[in-house]
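Going by my numbering, the sequence shown opens with residue -12, and the numbers climb by one from there.
Heads up, the thing below is written out as structure tokens.
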Amino acid sequence: MSLDRSFRWRALDPEGLEHCHVTTTSKDTRVRGAIITLQHGLFYRLKLDETGHVRTVRLERADGKVLELFSDGAGNWSDDRAEPLPELRGCIDVDISATPLTNSLPLWRCDWIIDQPQRFTMAWIDADAMSVQRHEQVYTRLDDTRFRFQSVGDGFERIITVDADGLVLDYPGLFVRTD
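Below you can see the structure in the form of structure tokens.
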């Protein structure tokens, strides 16, 4: 995958707008995004290594709240004070609640076979609370443009539609791409 372009989504619940830019090189992938909702304004940055593993995450809200996380790419995490976060051990990807962009992270990194589910342990970030917790998710490729997303333990499930680059076009009830 090679990207150097911007994407925009409209959030449906709660209402909001997002603009992000994804740049990939042979060394890494960098994502910068800005989200405006009725509750807050949020800027986020992600850096992935050459294998697609998340290495740094930074969220900063307009009210000054900041969440910064670092990973060694092998599932070991620390916070901005270099304090280990053992509850996130084994998480390779992040899922930020306020953006569909992070749904692309496991899609980009993995090989996919139709109707074969793959389970992921995510560092799930609640953008409202600016907190992070471990979360299990399952993705199943249904065809060239659709994946079933399942949140383990709470029964949440959606069929998300993606483009040829694995970026969300439609996440029913939550996000729709506008670019």
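Backbone N, C-alpha and C define an ideal beta-carbon position, used for all residues, glycine too.
A quick note: this is a predicted structure, and the numbers were derived from the prediction, not measured.
Where the beta strand (DSSP E) containing residue i begins and where it ends
i: P104; result: P104 to D113
i: W(-4); result: D(-9) to L(-1)
i: D130; result: D130 -> no beta strand (DSSP E), and no H or E assigned at all.
i: H8; result: E2 to T11
i: I22; result: T16 to T24
i: I146; result: E144 to V149
i: V155; result: V155 to Y158
i: L54; result: V53 to S58
i: V163; result: F162 to R164
Cα-Cα separation between residue i and residue j, rounded to whole angstroms
i: D98; j: A49; result: 38 Å
i: Q105; j: W111; result: 17 Å
i: C78; j: F107; result: 8 Å
i: A151; j: V81; result: 21 Å
i: D113; j: S13; result: 31 Å
i: V9; j: V163; result: 18 Å
i: D157; j: T148; result: 5 Å
i: W95; j: D66; result: 25 Å
i: A116; j: S84; result: 10 Å
i: W(-4); j: G20; result: 11 Å
Integer-rounded CB distance, given that residue j should sit under 8 Å from residue i
i: R145; j: F136; result: 5 Å
i: I101; j: D130; result: 7 Å
i: L46; j: L35; result: Wrong, their Cβ atoms sit about 16 Å apart, outside the cutoff.
i: V119; j: L75; result: 7 Å
i: E216; j: T89; result: Any property of residue 216 remains undetermined from this structure, which presents the chain solely from -12 to 166.
i: F30; j: L154; result: Going by Cβ atoms, the distance from F30 to L154 rounds to 19 Å, so no, they are not a contact pair.
First through last residue of the alpha helix (DSSP H) which encompasses residue i
i: R76; result: Unbroken run through R76: none, as it is neither H nor E.
i: R96; result: S91 to R96
Beta bridge counterpart(s) of residue i as assigned by DSSP
i: P71; result: S65
i: L35; result: T16 and V41
i: G28; result: I23
i: S84; result: DSSP lists no partner for S84.
i: V125; result: R106 and Q137
- request: Count the CB pairs spanning the region 53 to 66 and the region -11 to 5 that are closer than 8 Å, and state whether there are at least three.
  value: With a cut-off of 8 Å, the region -11 to 5 and the region 53 to 66 do not count as touching, because too few Cβ pairs lie within range.
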